[in-house]
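Read through the structure below, which is laid out as structure tokens, and then see the notes.
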Amino acid sequence: MMVNEARSGKSDVIHPPWLHLLSAFLAMEPSDSLISISKECGGGAITENVQNFIWDKCISKSSNGKGHTPYVKSFLKKVILEIESAGAVVIDELYEQLSIYMTTLKDDGLAKEDSRITKEISFLYPMDHVEARVCQSPRKLVVPLSCSLNMLEGDTGCSLWPSGLFLSEFILSCPELFSLKSCFELGSGVGLVGICLAHVKPSKVVLSDGDLSTLANLKINLELNHTSTLGVECLHLPWESALERDLQALMPDIVLGADVIYDPQCIPHLVRVIATLLTKEKSNSPNSSNGQDCSVDSSILKSEYEEFVLASMTKPVAYLASVVRNIDTYNYFLKVAQQANLRVVDITQNVKMYNFLPYMRSYERSSVRLLGIYCSFH
Ligand SMILES: C[S@@+](CC[C@H](N)C(=O)[O-])C[C@H]1O[C@@H](n2cnc3c(N)ncnc32)[C@H](O)[C@@H]1O
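Residues are numbered in the numbering used here as their position in the sequence shown, beginning at 1, plus a constant of 807.
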């Protein structure tokens, strides 16, 4: 396909890089990323064709109340500057919209720090993914998410974090791991992981967070994504006060958590919660092998990863995605986890991950580690 064609044939399907441009705009990616994708669409320049697409598919749709106006205004300013400095012609629609914003929206700084925005995260299924192969067409999952402009609002739980994106990609990459399983998430934040889980046919999904304003925002996101019909529940669960018997009653097959290892003070509580959730033997899980198929000669075991996979057949396991921002905090987590008889295996390199977010250039996938955890006690 030619780079300056957004669609092929009569179909309404938008193809990359145009699809990436639209997805990046809806996800509110930084203007520089949008400009760089715009140039790719135009084969190196923001041509009239590209400008028409930006106007038609991105800006005109957000100018009628949808979208966050200061964000759109800032992108519009930068894209016009970019076109002008390349000595090219800017289409009238872009100029006109900027002048409307300049008169109606005087100060970009007026956006209150605690104001909410709705980002749309588009997971674009690669064509070699089983779902895309079955449909024989480009497939995407679009998740609208209410987020805060203030990263620290709701104890960090009202923003999107790279580990949440990573864990979501992992779930969509390996749906079979979660299908018919009961899943429980700790520190769910905006709820992206839970919403992705709801799409891979688990038997149950329970999301939790210790912060009440985060939980309120999470519920908004679950409603926005119609997850109540998919059986997703929410729970207020501060790790510090979580009772053993309440945790034991949950009995999940899989525990998940994204970007929950960052505060050394919380780590002992987090580990206690994970250890309690993982201590029970599974009895009737669909993947449970009745002890027979799983009786493996330990000399055959080759790697920690294989041990983890084996454990996942008979025991509940946890998947935690984490960016190691402070190595001491990470090592402290490993130490406390070991003391609680938890085996923590870095499985980042072992799992087959698809890139569902090729347009999201602000997301550094390589900064995230995926940890597989199980109880080594039995
Ligand atoms: C960095 S955010 C990650 C949010 C989400 N998992 C994501 O990746 O987008 C950490 C989350 O853990 C929650 N959290 C932090 N400490 C907690 C605690 N002691 N008990 C329960 N939740 C906690 C926060 O409220 C927040 O939602």
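Beta carbons: idealized from backbone N, C-alpha and C, even for Gly. Note that the coordinates shown come from a computational prediction; the quantities given were computed from them, not determined experimentally.
Query	Result
For Asp1153, the first and last residue of its enclosing beta strand (DSSP E)	Leu1149 to Asp1153
Three-pair Cβ contact test at 8 Å for the stretch 1114-1122 versus the stretch 1166-1178	no
Local Cβ density within 10 Å of Asp1135, reported as buried at 16 or more and exposed below that	exposed
Backbone secondary structure at Thr963 - three-state DSSP	coil
Cβ pair Ile853, Val886 closer than 8 Å	yes
Contact belief for Leu979 with Tyr1126 at Cβ below 8 Å, rounded distance in angstroms	Not quite, the Cβ-Cβ distance comes to about 13 Å (not below 8 Å), so this is no contact.
Proximity to Cys1003 [Cα-Cα], best of Ile1068, Leu948 and Lys846	Leu948
Three-state class that DSSP yields for Val1103 in the structure shown	Any reading at Val1103 needs caution, since the residue's pLDDT is 42, under 50, leaving its predicted position unreliable; the model's value is listed next. In the structure shown, Val1103 sits in coil (DSSP, three-state: anything other than H, G, I, E or B).
Ser995 beta carbon near ligand 1 (any heavy atom closer than 7 Å)	yes
Arg923: first and last residue of the uninterrupted beta strand (DSSP E) it sits in	Arg923 to Leu931
Other residues of its chain near Cys865: CB distance less than 7 Å, five sequence neighbours each side excluded	Leu829 and Phe832
Beta-carbon proximity check, Asp782 vs Ala1128, cutoff 8 Å	Any property of residue 782 remains undetermined from this structure, which presents the chain solely from 808 to 1185.
Where Ala1128 falls: helix, strand or coil (DSSP)	strand
Heavy atom of ligand 1 within 7 Å of Gly964 beta-carbon	yes
Residue range of the beta strand (DSSP E) that includes His827	It is not in any beta strand (DSSP E) - His827 instead sits in the alpha helix (DSSP H) that spans Trp825 to Leu833.
At least 3 beta-carbon pairs within less than 8 Å: the stretch 1045-1060 vs the stretch 1020-1031	no
Local conformation of Glu1171 per DSSP, three classes	coil
Top-ranked residue by Cα proximity to Ser1015, from Val1000, His1006, Asp863 and Ser970	Val1000
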